[in-house]
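A short worksheet on the structure shown next.
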Amino acid sequence: MTDAPDILSPDAMHSILEDIETNAFRRIGEAAGLAELEPLRIEYLGRKSRMSHLLRSLGGLAPEDRTRLGARANEVRKRLEESIREKEAALKKAPPKQALDFTLPGAPVPRGAEHPITRTIHEIVSVFERLNFEWVSGREIETEFYNFTALNIPLDHPSRDAFDTFFTRGGNLLRSQTSTVQIRVMEKRKPPLRVVAPGRVYRPDTVDASHSFMFHQIEGLMVDDRTTFADLKGVIHLFLRALFGETSRIRFRPHFFPFTEPSVEVDVSCFICRAEGCSVCGQKGWLEVMGAGSVDPAVFQAVGYDPRKVQGFAFGMGVERLAMLRHGINDIRLFYENDLRFLKQFA
Ligand code: PHE
């Protein structure tokens, strides 16, 4: 374009000016740096530019064309010079592109928090950790041996029925209690033992406000050469008072579990009504919170311990139930629905 013929016709001049008007100003405006602006200045205003060529050709035009096109060309040239000057000044003043404004508020990062079930597990385990219990875990897919047989649950016991346990096609099952972990730990280790085992358990219950096909339990086991029922009572007292308050009263009721003998169900005085009777405790004044007992000799035999040489106790509790009691939650399904309006209350 710089090698244009010597003499331009008025039409050619007209289209040059037209082109400058539509493109030059836009390109100058878009220049992102001084290095992009200088070539534009040369292209539009340089000695070999079409503008210079046009101005030089004016002399050969008829007088009316010369006046009209000359005035227009000078006006466009002036505006070009001005626009380049302004752009140059703006680019020199502009801060470098990567500059950061440290005064801008940061993008908010939402804070995560423990799920109320996880938090309850941590609270419970931390009480037992102060008593030197160790956190252990088992597995969720188990065999009949760990879920039943080794726990002294006879073949004809109703809980072995498919109505109370999820069985897999391969003959395994989803554990229905964390007592399985007692067996797994005792098989691998020798006494003395103090362990707590939190984890998920599964039962084919119809889901409602107080039942779920999956929930959490915490199992506890202590074995030593002399660990009596009095030790069990002491540990449970300490634990429940830490969880429900130092003024709580604790009650042991005789019960039956195949893997403990004797066995008890443990109640804590209702912390809402202080055992007066209210809707949380069903007017009874007491809340049933766990099962426990001295380890049955048959269980020791199943893991190869000599029942004449060791003694122990075990206990188990439902995490959801304890969390619901402590926080006044009336529907177990709230734990699994992932509704932040519910979960945020525990953050
Ligand atoms: N495994 C029992 C249950 O699921 C609870 C329990 C554990 C009872 C340990 C006694 C000892 O109900």
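If you're matching positions, the sequence shown starts at 33 in my numbering and goes up one per residue.
Ideal placement from N, C-alpha and C gives every residue a C-beta, glycine not left out.
All values reported here derive from a predicted model rather than from experimental measurement.
Exposed unless 16 or more other CB atoms sit within 10 angstroms - verdict on residue i
| i | result |
| --- | --- |
| S158 | exposed |
| F247 | buried |
| M33 | Confidence at M33 is low in this model, with a pLDDT of 49, below 50, so its placement is unreliable and no value can be given for it. |
| I52 | buried |
| L39 | Residue identity differs from the one stated: residue 39 is Ile in this sequence, not Leu. It is exposed - the Cβ of I39 has fewer than 16 other Cβ atoms within 10 Å. |
| N370 | exposed |
| V213 | buried |
| L66 | exposed |
| T292 | buried |
| F347 | buried |
| L372 | exposed |
| I215 | buried |
| N179 | buried |
| G314 | exposed |
| L49 | buried |
| V4 | Here the chain comprises residues numbered 33 to 379, so residue 4 is not present and cannot be evaluated. |
| S41 | exposed |
Distance, residue j Cα to residue i Cα
| i | j | result |
| --- | --- | --- |
| K316 | G203 | 42 Å |
| E155 | G336 | 33 Å |
| E21 | D240 | A query on residue 21 cannot be resolved here, the shown segment of the chain reaching from 33 to 379 and no further. |
| S242 | D299 | 18 Å |
| R117 | G78 | 14 Å |
| P339 | L319 | 33 Å |
| R258 | K341 | 8 Å |
| I62 | A126 | The residue you asked about is not Ile; residue 62 is Glu in the sequence shown. Straight-line Cα distance between these residues: approximately 14 Å. |
| N362 | S326 | 33 Å |
| G360 | R281 | 19 Å |
| L225 | G170 | 15 Å |
| G266 | P223 | 20 Å |
| S25 | T238 | The displayed coordinates of the chain run from 33 to 379. Any statement about residue 25 would go beyond what the structure contains. |
| F284 | L264 | 11 Å |
| G138 | L132 | 12 Å |
| S115 | L101 | 21 Å |
Nearest to residue i (by Cα), restricted to the options the options
| i | options | result |
| --- | --- | --- |
| V380 | D240, S211, A241, S89 | Absent from the model: residue 380. The displayed extent of the chain is 33 to 379, so no value can be given. |
| H269 | E114, V321, P286, R117 | V321 |
| E174 | F289, R192, S41, F345 | R192 |
| L253 | A63, V233, V331, C310 | V331 |
| K110 | F284, S84, D97, R98 | S84 |
| N164 | F271, K376, R283, N55 | F271 |
| R232 | R201, A122, E172, Y368 | E172 |
| E166 | P230, P140, L123 | P230 |
| P286 | F177, T150, A355, F261 | F261 |
| L123 | V168, I60, S81 | I60 |
| R207 | F177, P223, K222 | F177 |
| V168 | E251, F57, S311 | E251 |
| Q249 | E352, D97, Q130, S115 | E352 |
Any non-hydrogen atom of the ligand ATP within 7 Å of residue i CB
| i | result |
| --- | --- |
| Q209 | This structure simply doesn't include the ligand ATP; it includes the ligand PHE instead. |
Supposed contact pair residue j and residue i - C-beta distance, whole angstroms, cut 8 Å
| i | j | result |
| --- | --- | --- |
| G323 | V255 | With a Cβ gap of about 18 Å, G323 and V255 do not count as contacting. |
| S244 | I153 | Not confirmed; about 16 Å, so no contact. |
| I69 | E120 | Before going further, note that residue 69 is Leu rather than Ile in the sequence given. The pair is a contact, with the Cβ atoms about 6 Å apart (cut-off 8 Å). |
| F374 | L366 | 5 Å |
| G189 | P290 | Sequence inspection shows His at residue 189; the Gly mentioned does not correspond to that position. 7 Å between Cβ atoms; contact. |
Below-8 Å beta-carbon distance, residue i vs any chain D residue
| i | result |
| --- | --- |
| Q333 | Any reference to chain D falls outside this structure, which holds one protein chain only. |
Inter-stretch contact (C-beta, 8 Å, three-pair minimum) for the region 263 to 275 and the region 158 to 176
Yes: the two stretches touch, three or more of their Cβ pairs being nearer than 8 Å.
Does the structure place the region 182 to 201 close enough to the region 299 to 308 that three or more beta carbon pairs sit under 8 Å?
No: fewer than three Cβ pairs fall under 8 Å.
Three or more C-beta pairs closer than 8 Å, one from the region 96 to 114 and one from the region 39 to 50: is that the case here?
As far as the Cβ criterion goes, the region 96 to 114 touches the region 39 to 50, which means the pair count is three or higher.
Using 8 Å as the Cβ pair cut-off and three pairs as the minimum, do the region 131 to 147 and the region 89 to 104 touch?
Look at the beta carbons and you see the region 131 to 147 not touching the region 89 to 104: under three pairs across the two are nearer than 8 Å.
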